[in-house]
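S.K.: Following this message is one structure expressed as structure tokens.
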Amino acid sequence: MNQETRPLDARQRVKQLLLGIQRDLGRYSDLLTMLQRQHLLLATHEVDELTQHNLQQTELMKQIQQQAQQRCQHLGALGLAPDEQGMAKLIARLPEPLRQTMTGQWQQLEASLRQCQQQNDRNGRLLAGQIETLHTLLGQTQEYGQEP
């Protein structure tokens with residue numbers, strides 16, 4: 001059995017979790033930049049550029065989702081719940097130098113996620129406002145999300 005087909009041991013899984021968190025820190029930084037760019041494109045009505053931008057953003061989101069799924073798989077294989085509590089339990093079990101590193105990076109990742117969620121909400125409010133304005137200009141009175 002070669003190394004590629006051999007199951008990962010606990011140490012390898014923890015290493016993969018840490019590497020995944022590090023990769024996600026970069027991805028969430030990129031996502032925040034993309035969400036800010038998306039806001040600008042929405043505000044300036046750059047439809048063609050926005051379409052291309054959204055395709056790239058969707059690809060980045062797929063990578064983030066795949067990494068989250070891998071994180072859940074690793075946690076499950078370690079006998080932990082695939083959620084925040086499972087990650088907290090794992091971190092608490094680590095030796096001190098690694099515990100500090102992983103705690104800091106996990107907290108950074110959570111903060112990055114919150115920033116992206118806030119920017120995404122801001123983009124959604126802008127888009128909803130634009131749709132409402134368009135409906136007003138067209139003399140339509142339905143609320144956003146309702147069928148005409």
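Counting from 1, one number per residue, gives the positions in the sequence shown under UniProt numbering.
Here a beta-carbon is modelled for each residue, glycine too, at the ideal position from N, C-alpha and C.
(1) Short of 8 angstroms in beta carbon distance, which residues of its chain neighbour Gln105, apart from the five on each side in sequence? Order them along the chain.
(2) Nearest by alpha-carbon distance to Gln67: which of Pro7, Leu109 and Arg114 is it?
(3) Three-state secondary structure (DSSP) at Gly124?
(4) Could you pull the start and end residues of the alpha helix (DSSP H) that Ala81 belongs to?
(5) Less than 8 angstroms separating the beta-carbons of Leu75 and Leu90?
(6) Go ahead and label Leu40 buried or exposed: buried means 16 or more other beta carbons lie within 10 angstroms of its beta carbon, across all protein chains shown.
(7) By Cβ distance, which residues of its chain are closer than 7 angstroms to Leu126, with the 5 residues on each side in sequence left out?
(8) Which residues mark the beginning and the end of the alpha helix (DSSP H) in which Asp24 is found?
(9) Quick one: using the 10 Å Cβ neighbour count with 16 as the cut-off for buried, is Leu55 buried or exposed?
(10) State the Cα-Cα distance for the pair Glu59 and Ala92, rounded to the nearest angstrom.
(11) If you compare alpha carbons, which of Ile64, Ser112 and Pro82 is closest to Cys72?
(12) Thinking just about the alpha-carbon of each residue, which of Asn123, Leu80 and Met102 is nearest to the one in residue 172?
(13) Could you have a look at Pro97 and say whether DSSP puts it in helix, strand or coil?
(14) Which same chain residues end up closer than 8 angstroms to Ala10 when comparing Cβ atoms and leaving out the 5 residues on each side of it in sequence?
(15) Can you give the Cα-Cα distance for Ser112 and His45, rounded to whole angstroms?
M.R.: If we stick to the structure as given:
(1) Leu18, Ile21, Gln22 and Leu25
(2) Leu109
(3) helix
(4) It is not in any alpha helix (DSSP H) - Ala81 carries neither H nor E in the DSSP assignment.
(5) yes
(6) exposed
(7) His39, Leu42 and Ala43
(8) Ala10 to Thr44
(9) exposed
(10) 33 angstroms
(11) Pro82
(12) In the structure as shown, the chain starts at 1 and stops at 148, and residue 172 therefore has no counterpart that could be examined.
(13) helix
(14) Leu78
(15) 27 angstroms
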